[in-house]
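Protein sequence lines correspond, in order, to chains A and B.
To convert, note that position 60 of the first sequence is 60 in full-length UniProt numbering; the numbers rise steadily by one, no gaps.
To convert, note that position 157 of the second sequence is 157 in full-length UniProt numbering; the numbers rise steadily by one, no gaps.
Even glycine gets a Cβ: it sits at the ideal position worked out from N, Cα and C.
First the structure, in the form of structure tokens, and then the observations on it.
There are 2 protein chains.
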Amino acid sequence: MMSPPTPPAATPSDLDPSGSHPANSCPAVTTGALPASTKVFLAGSRHPDVRVPMRSIALHPSSGEPPVLVYDSSGPYTDPDAVIDITRGLPCLRAGWIAARGDVEPGPTRTAPSSEPDATNETEGPATPAFPVSHPPLRAKGGRAVTQLAYARAGIITPEMEFVAIRENQGREAARAAGARDGEAFGATLPDIVTPEFVRDEVARGRAIIPANINHPEAEPMIIGRNFLVKINANIGNSAVASSMAEEVEKMVWATRWGADTVMDLSTGPQIHNTREWILRNAPVPIGTVPLYQALEKVGGVAEDLNWEIFRDTLIEQAEQGVDYFTIHAGLRLHHVPLTIERVTGIVSRGGSIMARWCLHHHRESFLYEHFEEICDIARAYDVAFSLGDGLRPGSIADANDAAQFAELETLGELTQIAWAKDCQVMIEGPGHVPMHKIKENMDKQLATCGEAPFYTLGPLTTDIAPGYDHITSAIGGAMIGWFGTAMLCYVTPKEHLGLPDRTDVKTGVITYKIAAHAADLAKGHPGARSRDDALSRARFEFRWEDQFNLSLDPDTAHAFHDKTPAQEAHKVAHFCSMCGPKFCSMRLSHDLRAQTQKAQTQKEGMAAMAAKYRKGGDLYMPVKEET
Amino acid sequence: MMSPPTPPAATPSDLDPSGSHPANSCPAVTTGALPASTKVFLAGSRHPDVRVPMRSIALHPSSGEPPVLVYDSSGPYTDPDAVIDITRGLPCLRAGWIAARGDVEPGPTRTAPSSEPDATNETEGPATPAFPVSHPPLRAKGGRAVTQLAYARAGIITPEMEFVAIRENQGREAARAAGARDGEAFGATLPDIVTPEFVRDEVARGRAIIPANINHPEAEPMIIGRNFLVKINANIGNSAVASSMAEEVEKMVWATRWGADTVMDLSTGPQIHNTREWILRNAPVPIGTVPLYQALEKVGGVAEDLNWEIFRDTLIEQAEQGVDYFTIHAGLRLHHVPLTIERVTGIVSRGGSIMARWCLHHHRESFLYEHFEEICDIARAYDVAFSLGDGLRPGSIADANDAAQFAELETLGELTQIAWAKDCQVMIEGPGHVPMHKIKENMDKQLATCGEAPFYTLGPLTTDIAPGYDHITSAIGGAMIGWFGTAMLCYVTPKEHLGLPDRTDVKTGVITYKIAAHAADLAKGHPGARSRDDALSRARFEFRWEDQFNLSLDPDTAHAFHDKTPAQEAHKVAHFCSMCGPKFCSMRLSHDLRAQTQKAQTQKEGMAAMAAKYRKGGDLYMPVKEET
């Protein structure tokens, strides 16, 4: 079951990282295992070269419990045996699988043309250098669809599908043995065990996607769908006025370390192409973008000057680089725009507002809508999945579930059918700002309108009054909509509405959304989800403090918070803590109680039998006078 | 409508605060108004001396909008005209109202006896000094019930009732004018306007409580009930191994500054009596306690040595000091204890575990259960409300909604009837750790079992795996159960399970729970709740950054986060920000769009008419070819 870690596939390079590039060419990234954690690999059976990384968390010997296996999105960065060199990129995990299918060929190498701002130096900071290693792009042979959807429909179980099947399964066997199924899944179908066949069926049905561009072979396959674990996305990206490439690469690595399942690079400004290349070559997770942002840079920021040709070229450029999913705001139609005029916050999606401006200026439907079939033809040649953008998502509680939002959703449903007809993988973006009582309507309408294509929501935020805490206002809505069926939650950081997230904000956002996604998995009754809660709670009850920290989403913070309070070192190992002191420790009292009860009962009967007896209304101790 | 602030009721005192006491006798507390905020007072009509403090947040003149009035729990500390002297305490707002009812008389002065640890010096730090000003206690004359419930049942509208009616109403008039009602209240009845009669009816019905001990006249009345704004409680309190009185007083002031509606002093250790006196004399909100903690101190921490006499004396001592509500774990019965044996985390309530130990040791029902009528007789003589404790609340996801928890809830329902028969005000404590799909069952069972007495829950936490972030795991559950009908949410801080909250944790917990409570109010369709969201969102859309900060729950953090990112000062006033830069600012684009659309349409028709036309499916621009 375990196998040694993969040696890093260091591509030969003549780069001298020490001197030939500007200061930000060799960003430092965070590496190393999480506390008490070992990376293990589970091997495939259909595809023996499938090796699925998992994190194994060791428990204290006194627990008598086996290690806890958890999902691991962090890639080789947490593998002490991997050699990390950001200037070379990650090993190309999927290269052999892609080649073996025999349906791709080298495409024209597309690098940043000299006319692009990347090559000039018009910004204040130094230009982002090109990535040192060239990756010649692949594309489908002769108009074929090289998408996971096309393979699934053809009955093929790809290595990617087996990979995600194994990846989704951790803990399920144990849970099945314990017979524990408990939840309300609102129509989702969560099998006891995820088989490769189940994955294929869900992908074929359009109910799940595996974002896996043939030009991003470094990424470890993952699946987004209502019948799988709820996933989270972390947004990174610089803007014209803040942040550098080095910071963004580290943010990507940092986000996956704490659990981001995908990362969107939302960079704007003149350094887009090269920044994205550095991110892609080093990303162990699928990368999403909004290609419109780069297209707008190419026309000097004048929305009206955008056109289909520039946009098409941008799509191809990004598809060749390896972007795994594109946000496309093709659902915003000309006649939707006036529906936003009376809104409290108008159009708050960047892509949406750009396209609305274009539509109104040219007095016609957007080139995204009119050329959507051609967009699909590009996507299917690289297996770029779509994230159909909700350009009209509400930006305030007042605008939630309004006519504009739902009109666009109807169009996204139409586009889903077009994409599926082209064998393209699709998910649907969702809001935004929505009060709790209007959240379920979003999920229900999306399922009905978009044929159960995966829903991918931003929060939603459940109130507008807490800037600085919108990770929390939105975790409430995110947990709920995840429970109702949303397949992936886009994180919101504390800086939402206020500024660009820094590294600290990225971690806070990721951990917060891991909480929301896990709470949703628990409530859906995901088999195995509860095993980590149970292991942590047992550790808590048995005063295994280190186990409690190690099993938590953020061991470092848990440990640091615990260290802060007690002045006396003894309290850290004692069977009580500074919160209550020894006399008031309910856990300690509870243990004494258990021992006492056990002692009192062992002569007569087992504890389980005793408890059962009480549950049936029996009374072992004494007749109790009912007071009235 | 506005009136000058009350002058501080400085009680004469011969104390020399500079030298006659140890260092922590004169704690510094946080004072001063929040940004752009003024304290205003709304006068009563039935009781002209009722003056209800509200916070008025001024907006920028460019907004053309009136100030936003919000609920204000912070007391005189945010009133620049008030003179704050912690050694003298707050003015006795309610003293005249209490005296005017003519049903109370001076009781025996109960001070800390010399046999209590307070007077000795057995801890490491200095002993907490006695509060410098003596407050002779009052009690009911001749066995009368001096509770708000008794008055309500007698048809009396007390000044306290008029006070809370006015306090609950802010924004409702405006909302009614706008005709905006929108929400799902799950059977709660939220009137358009809260009248004093409505308050009386709800209190008489037992569906709401006004915790207002006759010996805590400093507190500003507030109401806890399903048909009012959702409230939040903040726990403070030192333990034997950490924190001092000075810190706790500041935490209380700090918690109310950010919105805590009540504060529970959960202190343990030898300084309990004096610490509580300092807190009560300076608390503008109701104070709750768990009297069992002090009783346990009196018997040297040996649970088995507790008895009714010691507990009764402790209740009287605390009632005379002015504690507004008591947590009483009388619902834990002997035959419930074995139901906890198989739990993953046993009994996690401190009170619950102490009583379980007592019951098992003595092999009998607890003195709390057996003497509950006598406990009611004490409570009604001072108007101490009950918070009937859930000693068997689940401490892990695995234990949620189990037989032990619901068996105790049944007993709490019985005790509610006993308390009501004695004219005592009651609320019911709830969990705990509960996955999302099991939350509503808690609310439904509580309503059915406890006759709609207000529910007061701790979170619930929706997963166990995020120590260090349990304010968030529990805000998800708290917002949901608040929506379903919980009247007050007990906050959880980031230090939950790890250590005692410090001042920073208290603020994080309070703001997080204000978010949860407000999200619940919005979802219930509370009239007027949305007006603050709308005002903030308009400010956001119009780039009134300062207004956005000032209207937020935590202006300081919002401001600081915004300042962090942009290097250029110009961006702070510009019509875009560092997140997207000028080219990608959806808000700016949206404004341009609005202007453009307005211009294009003014010749033909009004914008509202145009939007209406589109909503009906009309198409003003051009026939659109449907792509398939």
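CA-to-CA distance, residue j to residue i, given in whole angstroms
i        : j        : result
B:PRO113 : B:ALA356 : With a pLDDT of only 45 at B:PRO113, under the threshold of 50, the placement of this residue in the model should not be trusted, and no figure is reported.
B:GLU429 : A:LYS39  : 43 Å
A:ALA520 : B:LEU90  : 46 Å
B:LEU500 : B:MET252 : 14 Å
A:ILE287 : B:PRO467 : 30 Å
A:GLN318 : A:PRO191 : 36 Å
A:PHE406 : B:GLU248 : 50 Å
B:PRO129 : B:TRP278 : 9 Å
B:LEU458 : B:GLY352 : 15 Å
B:VAL510 : B:LEU489 : 10 Å
B:ASP619 : A:ASP201 : For B:ASP619, the pLDDT reaches just 34, beneath the cut-off of 50, and the residue's location in the model is therefore unreliable, leaving the point undetermined.
B:ARG281 : B:LEU368 : 28 Å
A:ASP377 : A:VAL146 : 11 Å
B:PRO132 : B:TYR513 : 34 Å
B:GLN294 : B:PHE311 : 9 Å
A:ALA127 : A:ARG226 : 42 Å
Residue i, DSSP secondary structure in three states
i                      : result
A:TYR491               : coil
B:ARG55                : strand
A:SER3                 : At A:SER3, the pLDDT of 40 sits below 50, so the modelled position is not reliable; the number obtained from the coordinates is stated separately. It is coil, neither helix nor strand.
B:GLN323               : Per the sequence shown, the amino acid found at residue 323 of chain B is Val instead of Gln. Coil.
A:VAL337               : helix
A:TYR469               : coil
B:ALA400               : coil
A:LEU553               : coil
A:THR462               : coil
B:THR147               : coil
A:THR486               : coil
B:GLY300               : coil
residue 640 of chain A : Residue numbering for chain A in the displayed model covers 1 to 628; residue 640 of chain A lies beyond these limits and cannot be assessed.
B:GLY225               : strand
A:HIS437               : helix
Residue range of the unbroken alpha helix (DSSP H) whose run includes residue i
i        : result
B:PRO140 : Per the sequence presented here, residue 140 of chain B reads as Ala, with Pro not at that position. Here B:ALA140 belongs to no alpha helix (DSSP H); instead the beta strand (DSSP E) covers 138-140.
B:GLY413 : 403-421
B:ALA212 : Segment: none, B:ALA212 is in no alpha helix (DSSP H) and carries neither H nor E.
A:LEU388 : Not the alpha helix (DSSP H): A:LEU388 falls in the beta strand (DSSP E), residues 385-388.
A:THR508 : 503-524
A:ILE354 : 350-362
B:ALA28  : Counting along the chain, B:ALA28 falls outside any alpha helix (DSSP H), and DSSP gives it neither H nor E.
A:ARG207 : Unbroken run through A:ARG207: none, as it is neither H nor E.
Residue range of the unbroken beta strand (DSSP E) whose run includes residue i
i                      : result
A:MET264               : 262-265
B:GLU197               : Segment 196-204 is the alpha helix (DSSP H) holding B:GLU197; no beta strand (DSSP E) there.
B:ILE428               : 426-430
residue 654 of chain A : Beyond the ends of chain A as shown, which are 1 and 628, falls residue 654 of chain A; an answer cannot be given.
A:TYR456               : 455-458
B:GLY32                : Careful: B:GLY32 lies outside any beta strand (DSSP E) and carries neither H nor E.
B:THR275               : Here B:THR275 belongs to no beta strand (DSSP E); instead the alpha helix (DSSP H) covers 272-281.
A:GLY256               : Going by the sequence as given, residue 256 of chain A is Thr instead of Gly. From DSSP, A:THR256 is part of no beta strand (DSSP E) but of the alpha helix (DSSP H) over 245-258.
B:ILE287               : 287-289
Contact test: residue i Cβ vs the ligand MG heavy atom, cutoff 7 Å
i        : result
B:PRO108 : This structure does not include the ligand MG; it has no bound ligands of any sort.
Requested in this report: Any chance you could list the alpha helix (DSSP H) runs of at least 4 consecutive residues sitting entirely within the UniProt domain "ThiC-associated" (34-105) of chain A, in chain order?
Outcome: 95-100
Query raised in the report: What are the residues of the stretch 344-355 of chain B that lie near chain A, defined by any Cβ-Cβ distance shorter than 8 Å?
Result: Listed by position, the residues of the stretch 344-355 of chain B near chain A (Cβ gap below 8 Å) are VAL344, THR345, GLY346, ILE347, VAL348, SER349, ARG350, GLY352, SER353, ILE354.
Query raised in the report: Of all the residues that make up the stretch 286-307 of chain B, which are near chain A by a beta-carbon distance shorter than 9 Å?
Result: TYR293, LEU296, GLU297, GLY300, GLY301, VAL302, ALA303
Query raised in the report: In chain order, what residues of the stretch 458-471 of chain A put their CB closer than 7 Å to some CB of chain B?
Result: THR462, THR463, ASP464, ILE465, ALA466, PRO467, GLY468, TYR469
Query raised in the report: Which residues, in order along the stretch 183-207 of chain A, keep a beta-carbon less than 8 Å from a beta-carbon of chain B?
Result: GLY183, GLU184
Requested in this report: Taking a Cβ distance cut-off of 8 Å, strictly less, list which residues of the UniProt domain "ThiC-associated" (34-105) of chain B are near chain A, in chain order.
Outcome: none
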